[in-house]
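Residue numbers (my numbering): 16 to 153.
What follows is a short report on a single structure.
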């Protein structure tokens with residue numbers, strides 16, 4: 016039996032949270048460097064990192080952050096297919112009230128040196144999941 020890698024979250028709650036906690040990318044817009052919100056995509060089915068369209072709205076707040084490892088269903092073998100819903104379902108409850116944005120960073124670098132994390136990453140891959148470092152801004 017496969018481990019439950021992504022917790023369940025109801026559609027209504029996911030949609031509600033996705034209006035407040037949105038994906039960002041770091042870029043330069045109009046001579047201003049910073050984190051800008053990505054234009055909305057279908058939170059359940061469209062990977063937010065695939066050709067993101069950067070909006071004009073700069074992230075508000077987000078002075079502090081923490082990184083978490085998130086798991087994402089493999090939809091294409093060689094591409095990270097993280098959806099907004101998958102990320103929101105994995106943000107710890109204690110951060111949900113203060114989180115304002117998140118950013119997909121990279122595959123877990125720590126897993127390369129930590130044998131427990133490396134084993135977990137391999138187990139997730141065998142079960143059909145990618146891993147990603149997700150930075151949560153609050």
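Idealized CB from N, CA, C, for every residue including glycine.
- By the beta-carbon neighbour count (other beta carbons within 10 angstroms, threshold 16), residue 66 is exposed.
- Each of 37, 23 and 140 was checked against the Cα of residue 153, and the nearest Cα belongs to 37.
- From the listed residues 43, 79, 94 and 47, the smallest Cα separation to residue 117 is found for 79.
- Cβ contact annotation for residue 73 (same chain, cutoff 6 Å, sequence separation greater than five): 49 and 51, in chain order.
- Distance between residue 23 and residue 58, taken at the CA atoms: about 14 Å.
- Residue pairing for residue 55: DSSP places it in no beta bridge.
- If the five residues before and after residue 144 are omitted, its C-beta is found closer than 8 Å to the C-beta atoms of 20, 21, 86, 87, 88 and 89, all from its own chain and listed in chain order.
- For the options 134, 149 and 148, the alpha carbon positioned closest to that of residue 142 is the one of 134.
- Assignment of residue 84 by DSSP, reduced to helix, strand and coil, places it in the strand class.
- Residue pairing for residue 119: DSSP places it in a beta bridge opposite 149.
- Spanning the alpha carbons of residue 113 and residue 62 requires a straight line of approximately 24 Å.
- Just so you know, the alpha carbons of residue 99 and residue 71 end up roughly 19 Å apart.
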